[in-house]
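For the sequence shown, the positions run 1 to 907 when my numbering is used. From the three backbone atoms N, C-alpha and C, an ideal C-beta is built for every residue, glycine too.
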Amino acid sequence: MNRGSVLLTLLLLAAGPLAWAQPTEDDQLPFKEENGTKTPLFMHGKTFGANTSGWARDDVEVEAAMTVIGIEGKRLAELVNERDLRAFRRLRRSSTSEAFSLGFDFDEIPWGGDEHDVREGRLPDGPQRVQPYVWLTIERDKFPIDEERGRRRLDLGTDTMDDIYYDTDEFLLLRNSMSIRARKRWDTTTEMRRLLIALKLERGVDDLGIKRAAKTDVREDGPSAEAITGLDEAVLRGVDSWRGTPAIPLRRAYMTLKHRGGLTSTPSYEDVLALQPKAFLRSVRSRYHLNEVSVSRLREVHTLGKTRLEAIATFARNARIANEIDQQHLAKVQAWEDKVRLLLDGTLVAERAAAELAKLGHPNASVASIQSLMPGSTTLGSGGDLEDIARRAGYLEQRKVVADTVSALYHEVSRELDDGTGSSLRRIITRSLDRKVEDHVEWFRDWRRSVKPENRKWRTPDPIMTDYRAMVADDAQLAAYNAFGEKQRADGERSFRRFRPLSSDDFDLLRYQIRNEQVRVWMRQIETAGSAARGLWFDEAREFYIPRSRRETGNFLIDTMDFASMYRGDVWGDVAPPERTAAVDLTKAPYSERLMDSRLVNEVQIELNSGGEYTKRIKEPNSLIGLPRAFMRWAQQEGLAATPAEYKALAAEIKALGDDELQARIAPLNQYLEDSGAPIQQISHDEFRDWLHDSRLTLAVRDDPDYSEPALEKAREGARFVVKTYVDMLKFIADLKRERVLEVLDDAGAPDGIQWVPASGSKGSIAIAKVKELEDAENASNPGHGEGPGGNLGGIIDFLDTNNTLANAAAVTRGTTHANEIKTDSENDFYRFTIKKGETVTFKIAFEHDKGDLDMELLDADGDTIETSQGTDDEETIRYTAQEDTTVSLKVYGYDEAKARYTLEVE
Numbered sequence: 001m002n003r004g005s006v007l008l009t010l011l012l013l014a015a016g017p018l019a020w021a022q023p024t025e026d027d028q029l030p031f032k033e034e035n036g037t038k039t040p041l042f043m044h045g046k047t048f049g050a051n052t053s054g055w056a057r058d059d060v061e062v063e064a065a066m067t068v069i070g071i072e073g074k075r076l077a078e079l080v081n082e083r084d085l086r087a088f089r090r091l092r093r094s095s096t097s098e099a100f101s102l103g104f105d106f107d108e109i110p111w112g113g114d115e116h117d118v119r120e121g122r123l124p125d126g127p128q129r130v131q132p133y134v135w136l137t138i139e140r141d142k143f144p145i146d147e148e149r150g151r152r153r154l155d156l157g158t159d160t161m162d163d164i165y166y167d168t169d170e171f172l173l174l175r176n177s178m179s180i181r182a183r184k185r186w187d188t189t190t191e192m193r194r195l196l197i198a199l200k201l202e203r204g205v206d207d208l209g210i211k212r213a214a215k216t217d218v219r220e221d222g223p224s225a226e227a228i229t230g231l232d233e234a235v236l237r238g239v240d241s242w243r244g245t246p247a248i249p250l251r252r253a254y255m256t257l258k259h260r261g262g263l264t265s266t267p268s269y270e271d272v273l274a275l276q277p278k279a280f281l282r283s284v285r286s287r288y289h290l291n292e293v294s295v296s297r298l299r300e301v302h303t304l305g306k307t308r309l310e311a312i313a314t315f316a317r318n319a320r321i322a323n324e325i326d327q328q329h330l331a332k333v334q335a336w337e338d339k340v341r342l343l344l345d346g347t348l349v350a351e352r353a354a355a356e357l358a359k360l361g362h363p364n365a366s367v368a369s370i371q372s373l374m375p376g377s378t379t380l381g382s383g384g385d386l387e388d389i390a391r392r393a394g395y396l397e398q399r400k401v402v403a404d405t406v407s408a409l410y411h412e413v414s415r416e417l418d419d420g421t422g423s424s425l426r427r428i429i430t431r432s433l434d435r436k437v438e439d440h441v442e443w444f445r446d447w448r449r450s451v452k453p454e455n456r457k458w459r460t461p462d463p464i465m466t467d468y469r470a471m472v473a474d475d476a477q478l479a480a481y482n483a484f485g486e487k488q489r490a491d492g493e494r495s496f497r498r499f500r501p502l503s504s505d506d507f508d509l510l511r512y513q514i515r516n517e518q519v520r521v522w523m524r525q526i527e528t529a530g531s532a533a534r535g536l537w538f539d540e541a542r543e544f545y546i547p548r549s550r551r552e553t554g555n556f557l558i559d560t561m562d563f564a565s566m567y568r569g570d571v572w573g574d575v576a577p578p579e580r581t582a583a584v585d586l587t588k589a590p591y592s593e594r595l596m597d598s599r600l601v602n603e604v605q606i607e608l609n610s611g612g613e614y615t616k617r618i619k620e621p622n623s624l625i626g627l628p629r630a631f632m633r634w635a636q637q638e639g640l641a642a643t644p645a646e647y648k649a650l651a652a653e654i655k656a657l658g659d660d661e662l663q664a665r666i667a668p669l670n671q672y673l674e675d676s677g678a679p680i681q682q683i684s685h686d687e688f689r690d691w692l693h694d695s696r697l698t699l700a701v702r703d704d705p706d707y708s709e710p711a712l713e714k715a716r717e718g719a720r721f722v723v724k725t726y727v728d729m730l731k732f733i734a735d736l737k738r739e740r741v742l743e744v745l746d747d748a749g750a751p752d753g754i755q756w757v758p759a760s761g762s763k764g765s766i767a768i769a770k771v772k773e774l775e776d777a778e779n780a781s782n783p784g785h786g787e788g789p790g791g792n793l794g795g796i797i798d799f800l801d802t803n804n805t806l807a808n809a810a811a812v813t814r815g816t817t818h819a820n821e822i823k824t825d826s827e828n829d830f831y832r833f834t835i836k837k838g839e840t841v842t843f844k845i846a847f848e849h850d851k852g853d854l855d856m857e858l859l860d861a862d863g864d865t866i867e868t869s870q871g872t873d874d875e876e877t878i879r880y881t882a883q884e885d886t887t888v889s890l891k892v893y894g895y896d897e898a899k900a901r902y903t904l905e906v907e
């Protein structure tokens, strides 16, 4: 099944039943009349015909998104727009992101403590957040040599996007979690880079704690003036503006709504979809790509650690031979040398890994027997069928044990070099205990940079040592260095205030201080090399458990900081379409007065077309048992079949249908999957054929909730591990900006209490919902407003979400956090959680009690109260242990009509 049909299936299955007013008379429809010809400005039964061809980018979009809460949108816009977007230009860049640079020269990338923490999977000076399995590097053209600093620096650049979001009078797309947008991407204030028409179906936060969306788009680079000015009209008609052909995203949106019975007809036109520009967003955006480090480069990183260990061991041996090590330190140095030797020849690895390997069927581990398990040795290759995965997974686990052991030992021997004292093993080995000339390391570096400005790009002491060795015993060079230092001091350079010229003997001692600084960096490189062993293993796991995936060394992840200002669709007023360019300053009157809201969001997403194989591989093992079980239970409930023979006959009958007929036939089954909270959702016609096997249409599968098959469990477990590892990395990268964003906004004048939290909705859906809220308020204050053709017939919905009734409860999973708000005195938010017998779940909401007291109520499957939390602090907590397999619902509401923002944690 191609990605296009995957997306269309997702769209068709996601929309609920539609029962909102649509045009029923011709005079309710918009037309463009020109030279006596009326052109429909809407889509209808003849817009697309039988044409299903064309090209589009489409896939399931997977992203982690963080946003700021605790500040009103208009105030946020004031702070960010001040002084020509100064705050945005400061907060968009986090220097710690430069840790993702292993694709560049080792001497040109940062090896500081913060960057090392990030590469190891920690926030700077923080706890472990992710395991160092996924190794990323900045795309080459976004990490150039900065002319001012003379070294590599992340180069983000900023572009401007003008987006129009469309919906019907009745907000039909919003109600179905769909959005249609037309985008103009500007290179300059008047020059256009690209036009784009896109459709997105938001899927919310999945059980891995990440946002998913089905998305497709078509685009035109370097568009003509006619294509630019005609974009809005083209979208209304269902075509693109550059060729005038049906636009695939619009066709898919149309077919979705038609399939679900949401479109009505007029006397002259069947199945009408009349869109309107509802919201306009101007976004400033800075972004760059992160790609996976190639396997060959990862091997180089691992080999670098071995090289560094050998070099430090040589320093130690030479110091011993030269009798430069005091007797009190000699045994410690010798023991470290021996440990490194045993590590590098494999002896220590075999000893440390032996117990775990024996548990996995590899007894009596020896240096010889683990050679085929060592990082970088011959890999398993791709997994075959499920039985093959189950059969060979044990060998992959053996390789993991060895990789973990190598990593642990590399970290261990590195950390033994520095105990935090002035007489550390590092200083003993490098002969730098006498710190008399230590300050000269930086002064010498500054001198070499003044002589050779190109040296500014180096971020390690290694090139400094190379320069030093070239001038040992060169009196002229020593004189030049001393003259440089004395001049800097005489000129008042603060960092040189303690400079004193070196004698030739002292200059000779400088080598040991430079070596000490080298080893300080090498220690981090050794730890990185150890972690790289785990990265090499993870790539084997990826290939084994997701056979059709590939290592993405180009256009893999996009890290985007986006600030969007939101307006109603009529923000331009009387400005003619050709003049609606990025040159118009929307922060000035009269446009600034029309600002509805704003959002600052950091999105880290897997590039379209890169994530499909991962999500599909997770779904398949779940479906091979989950689909037949649900199919049989549904068929029994509907009175269609009750025995294995009848189930097989019904399945064969449905499979024999054509694709469209089959998809329509299983629509009730998909509704059953959703209503029952089944672990699988949105089954497509080809998935039904491929994954519903007669061999599993048995009563044991139907009736035993614990029924499982080892091969399936192993495949599912492995695939989930791989995908979750990538997902965790997305969230880690997005969270890296937390400190920088909050610091910059605080400096700019943001109120106390702002937070950097996971985003729960796209900016487009938020903007459309805000327009809906405003239109509802206008209709309520003016009952006649909105009646008749073109009127707003929609009901009130929440600004950020639609989970305001028990029937529409949002599904949540353990380990996730959700930001939301009770905004009206009658609003309730509902969340749904499926739990097995004996399991315990904890729900906790955090809010500012002084701004509004919120309470919680836990409901059973019938909607009856199980437990309440009605405290008077800034938190409410409910802990629940299930007595049976069930689905519970959590109700969040305001005490005494209180309103407040909150975050919900599910643990």
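Integer Cβ distance of residue i from residue j, believed to fall under 8 Å
i: Arg-181; j: Gly-764; result: 6 Å
i: Arg-317; j: Leu-330; result: Actually they are not in contact, since the Cβ atoms of Arg-317 and Leu-330 sit about 12 Å apart, beyond 8 Å.
i: Thr-903; j: Ala-582; result: Actually they do not touch by this definition, with Cβ atoms about 35 Å apart.
i: Gly-718; j: Ala-678; result: With 8 Å as the limit, Gly-718 and Ala-678 do not qualify as a contact, their Cβ atoms being about 22 Å apart.
i: Phe-830; j: Val-812; result: Phe-830 to Val-812, Cβ: 10 Å. No contact.
Residue i versus residue j - alpha carbon distance
i: Trp-242; j: Phe-280; result: 21 Å
i: Thr-52; j: Gly-73; result: Low per-residue confidence applies at Thr-52: pLDDT is 46, beneath 50, and the placement is therefore not dependable enough to give any value.
i: Asp-352; j: Ile-558; result: Here residue 352 turns out to be Arg, not Asp, going by the sequence shown. Cα-Cα distance, rounded: 40 Å.
i: Asp-107; j: Pro-461; result: 8 Å
i: Val-402; j: Arg-93; result: 38 Å
i: Asp-735; j: Thr-378; result: 36 Å
i: Asp-58; j: Arg-219; result: Below a pLDDT of 50, predicted positions are generally treated as unreliable, and Asp-58, at 48, falls in that range; the measurement from the model is reported next regardless. If you take the alpha carbons of Asp-58 and Arg-219, they lie about 12 Å apart.
i: Leu-854; j: Arg-427; result: 58 Å
Among the options, nearest to residue i - alpha-carbon criterion
i: Glu-839; options: Asn-803, Thr-881 and Thr-303; result: Thr-881
i: Ala-759; options: Glu-226, Ser-869 and Asn-602; result: Asn-602
i: His-44; options: Glu-63, Glu-33, Pro-23 and Asn-35; result: Pro-23
i: Gln-755; options: Thr-47, Arg-720 and Ile-71; result: Ile-71
i: Ala-335; options: Lys-278, Arg-702 and Val-413; result: Val-413
i: Pro-621; options: Glu-687, Val-741, Asp-675 and Pro-363; result: Glu-687
i: Gly-535; options: Val-293, Trp-572, Glu-202 and Gly-569; result: Val-293
i: Asp-26; options: Asp-271, Val-62 and Asp-167; result: Asp-271
i: Ile-654; options: Arg-494, Ile-370, Ala-715 and His-693; result: His-693
Sequence-distant residues of the same chain with beta carbon closer than 8 Å to residue i, five excluded per side
i: Leu-344; result: Lys-306, Leu-309 and Glu-310
i: Leu-409; result: Leu-343, Leu-348, Val-349, Arg-352 and Gly-530
i: Leu-806; result: Phe-830, Leu-859, Gly-863, Ser-889 and Lys-891
i: Arg-456; result: Arg-149, Gly-150, Arg-151 and Arg-449
Same chain, Cβ closer than 6 Å to residue i, neighbours up to 5 away in sequence not counted
i: Asp-896; result: none
i: Thr-842; result: Arg-879 and Glu-907
i: Gly-791; result: Here the model assigns Gly-791 a pLDDT of 32, short of 50, so the residue's position is not dependable, and the following value carries that caveat. Here the set comprises nothing.
i: Thr-587; result: Asn-81
Other residues of its chain near residue i: CB distance less than 7 Å, five sequence neighbours each side excluded
i: Pro-30; result: Leu-41, Phe-42 and Ala-274
i: Lys-948; result: For residue 948 there is no data in the structure shown, the boundaries of the chain being 1 and 907.
i: Trp-537; result: Pro-375, Arg-399, Lys-400 and Ala-403
i: Glu-540; result: Thr-379, Leu-380, Leu-396 and Arg-399
i: Arg-498; result: Asp-439
i: Asp-874; result: Ala-846, Phe-847, Glu-848 and His-849
Handout entry: Any beta strand (DSSP E) of 3 or more consecutive residues that is wholly inside the region 729 to 783
Key = 755 to 758
Handout entry: Contiguous alpha helix (DSSP H) assignments of at least 4 residues, all confined to the region 565 to 645
Key = 612 to 637
Practice task
Report the residue ranges of all alpha helix (DSSP H) runs contained in full by the region 147 to 194; include only those spanning at least 4 residues, in chain order.
Solution key: 172 to 175
Handout entry: Within the region 833 to 883, ranges of the beta strand (DSSP E) (whole runs, at least 3 residues)
Key = Listed in chain order, they are 840 to 846, 854 to 859, 865 to 869 and 875 to 881.
Practice task
Please list the segments of the alpha helix (DSSP H) lying wholly inside the region 468 to 508, counting only runs of 4 or more residues, in order along the chain.
Solution key: 475 to 490
Problem - Segments of 4+ residues assigned as alpha helix (DSSP H) that fall wholly inside the region 52 to 114 - result: 73 to 91
Practice task
At 4 residues or longer, and completely inside the region 637 to 719: list those alpha helix (DSSP H) runs for me, N to C.
Solution key: 644 to 655, 659 to 665, 667 to 675, 685 to 691 and 699 to 703
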